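Here the protein sequences line up with chains G, D, A and L, keeping their order. Position one of the first sequence corresponds to residue 351 (my numbering), numbered consecutively onward. Position one of the second sequence corresponds to residue 351 (my numbering), numbered consecutively onward. Position one of the third sequence corresponds to residue 351 (my numbering), numbered consecutively onward. Position one of the fourth sequence corresponds to residue 351 (my numbering), numbered consecutively onward. Where a beta carbon is used, it is the ideal one built from N, C-alpha and C, also for glycine. As the structure is a prediction and not an experimental result, all values here were calculated from the model. To keep things clear, I will list the structure first and then write my remarks on it.
Protein chains: 4
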Amino acid sequence: MNKKEKIMNAAINFFSENGFDKSALDDIAKYAGVGKGTLYLYFKDKEDIYIKSIKYIFDKWIEKMDEVIKLDLNASEKLERYLDVNIKQITSNMTLAKILMREIPNFLLKLHKSNKMGPMKIYKKREKHLNMIIEQGINSGEFKNVNKGIMANIIIGSINSYVMKYIFHSDKICEKDFKEYKKIILGLVKKEVK
Amino acid sequence: MNKKEKIMNAAINFFSENGFDKSALDDIAKYAGVGKGTLYLYFKDKEDIYIKSIKYIFDKWIEKMDEVIKLDLNASEKLERYLDVNIKQITSNMTLAKILMREIPNFLLKLHKSNKMGPMKIYKKREKHLNMIIEQGINSGEFKNVNKGIMANIIIGSINSYVMKYIFHSDKICEKDFKEYKKIILGLVKKEVK
Amino acid sequence: MNKKEKIMNAAINFFSENGFDKSALDDIAKYAGVGKGTLYLYFKDKEDIYIKSIKYIFDKWIEKMDEVIKLDLNASEKLERYLDVNIKQITSNMTLAKILMREIPNFLLKLHKSNKMGPMKIYKKREKHLNMIIEQGINSGEFKNVNKGIMANIIIGSINSYVMKYIFHSDKICEKDFKEYKKIILGLVKKEVK
Amino acid sequence: MNKKEKIMNAAINFFSENGFDKSALDDIAKYAGVGKGTLYLYFKDKEDIYIKSIKYIFDKWIEKMDEVIKLDLNASEKLERYLDVNIKQITSNMTLAKILMREIPNFLLKLHKSNKMGPMKIYKKREKHLNMIIEQGINSGEFKNVNKGIMANIIIGSINSYVMKYIFHSDKICEKDFKEYKKIILGLVKKEVK
DNA sequence: TATGAATGAGCTTTCATTCAT
DNA sequence: GATGAATGAAAGCTCATTCAT
Chain G
351 MNKKEKIMNA AINFFSENGF DKSALDDIAK YAGVGKGTLY LYFKDKEDIY
401 IKSIKYIFDK WIEKMDEVIK LDLNASEKLE RYLDVNIKQI TSNMTLAKIL
451 MREIPNFLLK LHKSNKMGPM KIYKKREKHL NMIIEQGINS GEFKNVNKGI
501 MANIIIGSIN SYVMKYIFHS DKICEKDFKE YKKIILGLVK KEVK
Chain D
351 MNKKEKIMNA AINFFSENGF DKSALDDIAK YAGVGKGTLY LYFKDKEDIY
401 IKSIKYIFDK WIEKMDEVIK LDLNASEKLE RYLDVNIKQI TSNMTLAKIL
451 MREIPNFLLK LHKSNKMGPM KIYKKREKHL NMIIEQGINS GEFKNVNKGI
501 MANIIIGSIN SYVMKYIFHS DKICEKDFKE YKKIILGLVK KEVK
Chain A
351 MNKKEKIMNA AINFFSENGF DKSALDDIAK YAGVGKGTLY LYFKDKEDIY
401 IKSIKYIFDK WIEKMDEVIK LDLNASEKLE RYLDVNIKQI TSNMTLAKIL
451 MREIPNFLLK LHKSNKMGPM KIYKKREKHL NMIIEQGINS GEFKNVNKGI
501 MANIIIGSIN SYVMKYIFHS DKICEKDFKE YKKIILGLVK KEVK
Chain L
351 MNKKEKIMNA AINFFSENGF DKSALDDIAK YAGVGKGTLY LYFKDKEDIY
401 IKSIKYIFDK WIEKMDEVIK LDLNASEKLE RYLDVNIKQI TSNMTLAKIL
451 MREIPNFLLK LHKSNKMGPM KIYKKREKHL NMIIEQGINS GEFKNVNKGI
501 MANIIIGSIN SYVMKYIFHS DKICEKDFKE YKKIILGLVK KEVK
């Protein structure tokens, strides 16, 4: 892991735990094992560390999702795997969960305010992925002819809800619940079998 | 409007726009038309203003939702009205939308950290409401026998997704989209008609 | 002395001794007997403290010069008194001397760079004063018909030179020297007596 | 130009424009085309670069003045040429002008504070030169029997005033003004002709 | 000899909180 | 109750200097 990555890892650690303003560069530097001045060799300022770090962890996550999309599976299997990757990944990693829940909205509003919506495209990835899966399912006749955009948003929203639940009741989330959840989501899109 | 309310209104205004840390008590006091010291007569500290203000706006919103719940309607009509109240209210009020999107998660994580989960019950209200509506639908035979908890979460998540979309593309959100959205949500729970 | 003046006095003390950048607001606040934050109640930022403080001491000095100008004296006497006020005042006050020597040029270049030349008019006061005295002398027939502007500049330059000498050899500057100096300056402008 | 000179040239460039504290060694090294560490092979620290650079440009300038002193001219011609060298040189080179106006005083106070007055002798050169010219004039009967030291200081001061005027009103300074100025300075020392 | 990545002391500035009035 | 002047801890950021290469 090079120095830039060390810094981003440290940053993510504090940002996810305390949010942007309550995270001190002093702590991030110490945790990363570098001098405070070193941060400024790799990043322009605190916001730059924040944005690049969020994007960094997001990109790693998106990679995993992209892999699923490329698999040679039918739409139902793919959607199931996709939910696995999303929920399992997130709920096995409190940091990612907190980022998703608090920092992403904060991050988007920040970008929105400063008109730097470029990086926001990372956020649209999930929407795009789900659109692709649903389209595949419709074309292959597996899925009902639902409105892709709206359905994608419903699924994303449900993932987020699930994550939020996890953060506050992580003990009560179990494999059985998750199976039930997946079954319902699949039920939303799959054609009824007579 | 008494002084405490004036302060909370001012607070909401800044918190929703700039978040907790970027909102200055100086501005809040000025906007509320009271002295800075006065804030401390009504609230313990900044966080107390934050928590009470979020709760305040939330409660007013919950009241509206409670009204719907009490109406003498069948489950489908009630769910539709409930979505109306949620989406219409939120998307006609950017402040509320931003609170929902950014401050609520932040707020919950804050409470979670400081072990003051008491106020969090306000957040469970929507879950409870939806549970009630779905239960009514199931009992009356209108709705399929879905898992209430999971379905409630899916619906809440979809509302949140919808709000986020609104914040970033408020121009593109139209009545037609909303109708389609409602039809789909209702489709999730209603029994098929032969 | 009110708080703003206390701060400016403290500021002048450090700025004259160490220059702008080597003067710490921490020290200025401590010396002034106020909290660091208090500086920002009375001034916008460090540069504002600097500019206002320089202007402050300059203005007090200009007042003294203005008094001389208003005296009912002939031009020779007035010029002599003017040199007294300039040299005596400066050389009895190392702070003023250092301000004149280092901070004023620095100050002017700063203003020049930031295009805020408004306050520079304070610097033109001496030029104006001398122009007035010389004009009076010419009109009354006491002085030769010299070029006022150039002569005023020569006199100002000579004062500055004198001050610089003082800073580095304050021990060697004596009353006798000063008398000689004044005689020469007066000799530059006064008509020869047959 | 060797590396040391390259560095001093770069240094002068920044010091004259921004002063000591606002000039970054980073920029100086880059401008000089050497590594930042290299600065420390040739100089002890930033102040050393500053002092040696000022001295360097000063020495080059003094050389020019020395040449005039050595010329086989009468005192009046020499003084005129001396003013030419001073004013023309300075006012054709904003860098030199700014050094003279701001950095020299700063430089001298710095040296004075750290008791390293050795290099200050460079500053006395002009005084010495003028003393020599005036002495020559007095001895040859061209000049009045003025106090050399004081007269030298008056002339130096007038040059400085002239330079300051130039920096702020460089457009308005013209050949005609300069001629008038020289005539007056010469008038100060030359014997009246019946 | 030459480098530039790395450092951390030191700076300015902000702002929640206090308290005398 | 109501105020706002005063505070100082805490933060982000800069940059002269070092040192492994």
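Exercise. Cα-Cα, which of L/Lys356, L/Glu492, L/Ile407 is closest to leucine 450 of chain L?
Worked result: With distances taken between Cα atoms, leucine 450 of chain L lies closest to L/Ile407.
Problem set entry | Those residues which DSSP pairs with phenylalanine 493 of chain G across a bridge | For phenylalanine 493 of chain G, which the question treats as bridged, DSSP gives the partners G/Lys540.
Problem set entry | 8 Å Cβ cutoff met for isoleucine 454 of chain A and tyrosine 512 of chain A | The beta carbons of isoleucine 454 of chain A and tyrosine 512 of chain A sit no closer together than 8 Å.
Exercise. If you pair each beta-carbon of the stretch 394-403 of chain A with each one of the stretch 365-375 of chain A, do three or more pairs fall below 8 Å?
Worked result: The answer is yes - the stretch 365-375 of chain A touches the stretch 394-403 of chain A, with three or more Cβ pairs under 8 Å.
For this session: Can you give me, in chain order, the residues of the stretch 439-459 of chain D that have a beta carbon less than 8 Å from any beta carbon in chain G?
Result: Against chain G - using a Cβ distance shorter than 8 Å - the residues of the stretch 439-459 of chain D are Lys448, Met451, Arg452, Pro455, Asn456, Leu458, Leu459.
For this session: Assess, as a yes-or-no matter, whether the stretch 419-436 of chain A is touched by the stretch 374-381 of chain A under the definition of 3 or more beta carbon pairs within less than 8 Å.
Result: No: fewer than three Cβ pairs fall under 8 Å.
Exercise. For leucine 389 of chain G versus tryptophan 411 of chain G, is the C-beta spacing smaller than 8 Å?
Worked result: Taking 8 Å as the Cβ cut-off, leucine 389 of chain G and tryptophan 411 of chain G do not qualify as a contacting pair.
Problem set entry | 7 Å Cβ shell around leucine 433 of chain G - same chain, five flanking residues per side excluded | Excluding residues within five positions, the ones whose Cβ falls inside 7 Å are Lys532, Ile535.
For this session: Give the range of the alpha helix (DSSP H) segment to which phenylalanine 393 of chain L is assigned.
Result: If you look at phenylalanine 393 of chain L, you'll find it isn't in any alpha helix (DSSP H); DSSP assigns it neither H nor E.
Exercise. Using a Cβ-Cβ cut-off of 7 Å (strictly less than) and excluding sequence neighbours within five positions of isoleucine 488 of chain D, which residues of its own chain qualify?
Worked result: The answer, listed in chain order, is Asn495.
For this session: Identify the contact partners of valine 539 of chain L in chain A, using a Cβ-Cβ distance below 8 Å as the criterion.
Result: Here the premise fails: no neighbours, minimum Cβ distance about 10 Å.
Exercise. What residue does the alpha helix (DSSP H) around alanine 425 of chain L start on, and which one ends it?
Worked result: For alanine 425 of chain L, the uninterrupted alpha helix (DSSP H) run begins and ends at 425-433, by DSSP.
Exercise. Taking Cβ positions only, does lysine 518 of chain G come closer than 8 Å to chain D?
Worked result: Strictly speaking, residue 518 of chain G in this sequence is phenylalanine, with lysine absent from that position. The C-beta of phenylalanine 518 of chain G comes closer than 8 Å to at least one C-beta of chain D.
Problem set entry | Reduced DSSP category for leucine 461 of chain L - H, G, I as helix; E, B as strand; rest coil | Helix at leucine 461 of chain L.
Exercise. Asparagine 510 of chain L and asparagine 481 of chain A look like a contact to me (Cβ under 8 Å); what is the Cβ gap, rounded to whole Å?
Worked result: That pair is no contact at about 19 Å.
For this session: Below 7 Å CB to CB, which residues in the same chain sit around lysine 305 of chain G once its five sequence neighbours on both sides are set aside?
Result: Since the first residue shown for chain G is 351 and the last is 544, residue 305 of chain G is missing from the structure and cannot be characterised.
For this session: Verify the CB distance criterion: does lysine 508 of chain D have a CB-CB separation below 8 Å to chain G?
Result: The sequence given here places serine at residue 508 of chain D; lysine does not occur at that position. By the rule that beta-carbons nearer than 8 Å mark a contact, serine 508 of chain D touches chain G.
Problem set entry | CB contact check: asparagine 465 of chain D to chain G, cutoff 8 Å | No, because no Cβ of chain G sits closer than 8 Å to the Cβ of asparagine 465 of chain D.
Exercise. Given aspartate 377 of chain G, which residues of its chain have a CB within under 7 Å of its CB, disregarding the five upstream and five downstream residues?
Worked result: Same-chain partners within the cutoff: Phe364.
Exercise. At least one CB of chain D closer than 8 Å to the CB of tyrosine 512 of chain G: is that the case?
Worked result: Flagged as an interface residue toward chain D: tyrosine 512 of chain G, by a C-beta distance shorter than 8 Å.
Exercise. Would the beta-carbon of leucine 538 of chain D fall within 8 Å of that of leucine 538 of chain G?
Worked result: Between leucine 538 of chain D and leucine 538 of chain G, the gap from beta carbon to beta carbon is short of 8 Å.
For this session: Mind listing the chain G neighbours of histidine 462 of chain D? Cutoff is C-beta to C-beta under 8 Å, in chain order.
Result: What histidine 462 of chain D touches in chain G: Ile517, Phe518.
Exercise. Helix, strand or coil for lysine 438 of chain A per DSSP?
Worked result: Residue state, collapsed to three classes: helix.
Problem set entry | Where lysine 474 of chain G falls: helix, strand or coil (DSSP) | Helix.
Problem set entry | Contact set for lysine 394 of chain D: own chain, Cβ-Cβ below 6 Å, skip 5 residues either direction | Result list for lysine 394 of chain D: empty, nothing under 6 Å.
For this session: State the CB to CB distance for the pair lysine 540 of chain D and glutamate 477 of chain D, rounded to an integer number of angstroms; the pair is presumed to be in contact (CB under 8 Å).
Result: Contact doesn't hold; Cβ gap of about 20 Å is too wide.
For this session: Starting from the beta carbon of valine 496 of chain A, find every residue of chain L whose beta carbon is closer than 8 Å, and list them in chain order.
Result: The answer, in chain order, is Ile534.
For this session: Look at the Cβ atom of glutamine 439 of chain A, then the Cβ atom of lysine 414 of chain A, and state whether they are nearer than 8 Å.
Result: The answer is yes: Cβ separation under 8 Å.
Problem set entry | aspartate 371 of chain G at chain D interface by Cβ criterion, 8 Å | Closer than 8 Å: yes.
Problem set entry | Three-way DSSP call (helix, strand, coil) for methionine 351 of chain G in this model | Reduced to three states, the DSSP call for methionine 351 of chain G is coil.
For this session: Kindly say whether glutamate 530 of chain L, judged by its beta-carbon, lies nearer than 8 Å to any beta-carbon of chain A.
Result: Put simply, the CB of glutamate 530 of chain L is near chain A, with a gap under 8 Å to one of its CB atoms.
For this session: Would you check if the distance between the CB atom of tyrosine 392 of chain G and the CB atom of isoleucine 362 of chain G is smaller than 8 Å?
Result: No, Cβ-Cβ distance for tyrosine 392 of chain G and isoleucine 362 of chain G is not below 8 Å.
Exercise. Does the beta carbon of asparagine 503 of chain D sit closer than 8 Å to a beta carbon anywhere in chain G?
Worked result: Yes, contact with chain G.
Exercise. Can asparagine 503 of chain A and serine 442 of chain L be called in contact, C-beta distance under 8 Å?
Worked result: In this structure, asparagine 503 of chain A sits away from serine 442 of chain L, with a CB-CB distance that is not shorter than 8 Å.
Problem set entry | Enclosing alpha helix (DSSP H) for alanine 379 of chain A [first to last residue] | Unbroken alpha helix (DSSP H) run through alanine 379 of chain A: 375-382.
Exercise. Does isoleucine 500 of chain G have its Cβ less than 8 Å from a Cβ in chain D?
Worked result: It does: the Cβ of isoleucine 500 of chain G has a partner Cβ on chain D nearer than 8 Å.
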